[in-house]
Amino acid sequence: MLKKRIIPCLDIKDGRTVKGIKFLDIQDAGDPVVLAKRYVHEGADELVFLDITATQEKRKTWVALVVRIAQEINIPFTVGGGINSVEDAKRLIDAGADKISINSAAIKNPALISELAHELGSQCVVVAIDIKKENEEWFVFINGGQVATGIKAIDWAKQAAFLGAGELLITSMNNDGTKNGFALPILDAISKLVSIPIIASGGAGTQEHFKDLFTQTQVSAALAASVFHFSEISIPVLKNYLKTQHIPIR
Amino acid sequence: MIAILKYNAGNSTSVKNALERLGFPCLITNDHDALKNASKVIFPGVGAANSAMSYLKETGLDQVIVALQQPVLGICLGQQLLCTYSEEGDTDCLGIFNTQVKKFPPHKQVPHMGWNTITIQPSHPLFENVLALEDVYFVHSYYCELSKYTIASCEYITTFSAAMQKDNFYATQFHPEKSASVGEKILNNFLQL
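In the order they appear, the protein sequences are chains A and B.
Using our numbering, the letters of the first sequence correspond one by one to residues 1329 to 1578.
Using our numbering, the letters of the second sequence correspond one by one to residues 33 to 225.
Given below as structure tokens:
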């Protein structure tokens, strides 16, 4: 049976992990490769690396880092951050990334999704969507959640899938950082609306939140950052727990 | 030297990285002689069947591949191109495996993406030290039907060939280079043949 995926997300700034600091037995948790290998060893199903480096100048470090990650880890990984063109994406795929993730750039230029799907194949193209609930309706936000687009989440999800996205990574800004659980109703609505896999993000705080996500929605994967980085949830313990709840887990 | 076929589809870098992690020197090449003289050939692939086949024909690589005598491992699209025919782009393929490649009906999410369980033929050398039921990583929208060449199967919408073998030709629909330690065992078994 196809398994539900658990995906730790690493935020990278200037080639170093941001926030990844609490593994006692890791000498250098700032090195993304060290932390990534730890997650692979623990049974992570995929990894996402998000480059939050502000300047183009320092993006060269990023490509060099992606090369190192590809050499060292033996599971699929997605990279995102600062991808505005097919050339940007190709540079990262050529460096060894399995998938690339685009967010604001796709809203500003939806044709980019089709171009990427055509050039690289849909399976490489993850469209990340940050959503926020306002007046009982979910809307898309861009530029790290700072700019409202006025576009409804379900409309954009449908369009992104239609244009050739291979997966959608949906982050609920209302839930992100709260540790109160995932935004189940909207995640379920989107996962039923499109025929591509949905990665859910935002709100993971306990093991039960992951169970609720996989039992109450049709999403394919759960992404989280801080609960894994700060060892609040251990991946092997989480996966064992989900197996006892009869959720298909590797 | 192990040769990884270079053509217009493929994740050759990922395969090269995996082989290097296992300690096997390898070369990504489309040079006919280098392929013929390699100890093993890996035929990776991520992409579309029709454009890949056109490229192989234009470059004469189609003839080189079918004549290879050493162990050959097709991965993903590589497995599909070794079959007779693919529904993807109505494509005549290389014909090593006398079987067809079909499109998943849109009953569920397609592509079939993620970790899924394979049921292996336990005695097969490709699966030495691999457990009867293991999870490996798949990404594909087309599948090879079950056939007499099937050495591992997987279930998604239907039951299909997760791995096949005929003579010196081996193939996997999943990506051993992305399937953690299980994938490494399978690659290593192939490299030890």
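We treat Cβ as the ideally placed atom computed from N, Cα and C, and that holds for glycine.
Computed from a prediction, not measured in an experiment: that's the story for all the values here.
Beta-carbon neighbours of B:Q141, restricted to chain A and to distances below 8 Å: For the purposes of this step, residue 141 of chain B is identified with residue 109 of the second sequence, where counting begins at 1. What B:Q141 touches in chain A: S1523, I1524, P1525 and S1548.
6 Å Cβ shell around B:G127 - same chain, five flanking residues per side excluded: Stepping through the second sequence from its first residue, residue 127 of chain B is reached at position 95. Same-chain partners within the cutoff: T116.
Extent of the continuous alpha helix (DSSP H) to which A:K1365 belongs: As a first step, residue 1365 of chain A is located in the first sequence; it is residue number 37 there, counting from the start. Counting along the chain, A:K1365 sits inside the alpha helix (DSSP H) bounded by residues P1360 to E1370.
Sheet register partners of A:N1471 (DSSP bridge): Sequence index remark: in the first sequence, residue 1471 of chain A carries index 143 (1-based). Partner(s): none; A:N1471 has no beta bridge.
Straight-line Cα distance separating A:N1508 from A:F1556: For the purposes of this step, residue 1556 of chain A is identified with residue 228 of the first sequence, where counting begins at 1. For the purposes of this step, residue 1508 of chain A is identified with residue 180 of the first sequence, where counting begins at 1. Those two C-alpha atoms are separated by around 15 Å.
Identified DSSP bridge partners for B:H172: Here residue 172 of chain B refers to the residue found at position 140 of the second sequence. Looking at the DSSP output, B:H172 sits in a beta bridge with B:H144.
Three-way DSSP call (helix, strand, coil) for A:K1350 in this model: In the first sequence, counting from the first residue as 1, residue 1350 of chain A sits at position 22. With a pLDDT of only 49 at A:K1350, under 50, the local geometry of the prediction cannot be trusted, and no value is derived from it.
Start and end residues, beta strand (DSSP E) containing A:A1456: Here residue 1456 of chain A is taken as the residue at index 128 of the first sequence, counted from 1. Note, A:A1456: beta strand (DSSP E), V1453 to E1462.
Buried or exposed (CB count within 10 angstroms, at least 16 for buried), A:F1490: Indexing the first sequence from 1 puts residue 1490 of chain A at position 162. Result: exposed.
Residues that B:V171 contacts on chain A, provided the C-beta gap is smaller than 7 Å: The sequence position of residue 171 of chain B within the second sequence is 139, counting from 1. Under the 7 Å cutoff, chain A gives Q1451.
A:L1330 at chain B interface by Cβ criterion, 8 Å: To locate residue 1330 of chain A, count along the first sequence from 1; it is residue 2. Yes, its Cβ sits closer than 8 Å to a Cβ of chain B.
Sequence-distant residues of its chain with Cβ nearer than 8 Å to A:T1572 (five each side left out): In the first sequence, residue 1572 of chain A corresponds to position 244, counting from 1. Taken in chain order, the list of residues that qualify is empty.
B:N231: first and last residue of the uninterrupted alpha helix (DSSP H) it sits in: The displayed coordinates of chain B run from 33 to 225. Any statement about residue 231 of chain B would go beyond what the structure contains.
Neighbour flag for A:D1270 against chain B, beta carbons, 8 Å: Residue 1270 of chain A lies beyond the residue range present for chain A, which begins at 1329 and ends at 1578; the question has no answer from this structure.
B:S193 beta carbon less than 8 Å from that of B:T151: For the purposes of this step, residue 151 of chain B is taken as residue 119 along the second sequence, with counting starting at 1. For the purposes of this step, residue 193 of chain B is taken as residue 161 along the second sequence, with counting starting at 1. Contact: no.
Residues that A:E1495 bridges to, as DSSP identifies them: Position 167 of the first sequence, counting from 1, holds the residue named residue 1495 of chain A. DSSP links A:E1495 through a beta bridge to A:V1454.
Residues, ordered as in the chain, of the stretch 68-102 of chain B that lie near chain A by beta-carbon distance below 8 Å: V78, G79 and A80
A:T1381 - containing alpha helix (DSSP H), residue span: Numbered from its first residue, the first sequence carries residue 1381 of chain A at position 53. For A:T1381, no alpha helix (DSSP H) encloses it, and the DSSP letter there is neither H nor E.
Cα-Cα separation between B:L165 and A:K1567, rounded to whole angstroms: Position 133 of the second sequence, counted from the first residue, corresponds to residue 165 of chain B. Position 239 of the first sequence, counted from the first residue, corresponds to residue 1567 of chain A. Their Cα atoms are separated by approximately 18 Å.
Members of the stretch 1381-1415 of chain A that neighbour chain B once the beta carbon cut-off is set at 7 Å: Against chain B - using a Cβ distance shorter than 7 Å - the residues of the stretch 1381-1415 of chain A are A1398, Q1399, N1402, I1403 and P1404.
is_contact[A:K1350, chain B] using C-beta, thresh 8 Å: Numbered from 1 along the first sequence, position 22 holds the residue referred to as residue 1350 of chain A. Low confidence applies here, because A:K1350 scores a pLDDT of 49, under 50, leaving its location unreliable and the question unanswered by this model.
Selected residue, minimal CA-CA separation from B:Q205, among B:L51, B:L67, B:V142 and B:L105: Position 173 of the second sequence, counting from 1, holds the residue named residue 205 of chain B. Nearest of B:L51, B:L67, B:V142 and B:L105 to B:Q205, Cα basis: B:L105.
Pick from A:K1461, A:S1442, A:W1466 and A:I1403 that is closest to A:V1455, judged by C-alpha positions: Taking the first residue of the first sequence as position 1, residue 1455 of chain A is located at position 127. Comparing Cα-Cα distances from A:V1455 to each of A:K1461, A:S1442, A:W1466 and A:I1403, the minimum goes to A:S1442.
Residue ranges of each beta strand (DSSP E) within the stretch 88-130 of chain B, 3 or longer: 104-107 and 115-118
Residues bridged to B:K198 (per DSSP): The sequence position of residue 198 of chain B within the second sequence is 166, counting from 1. Beta-bridge pairing links B:K198 to B:F201.
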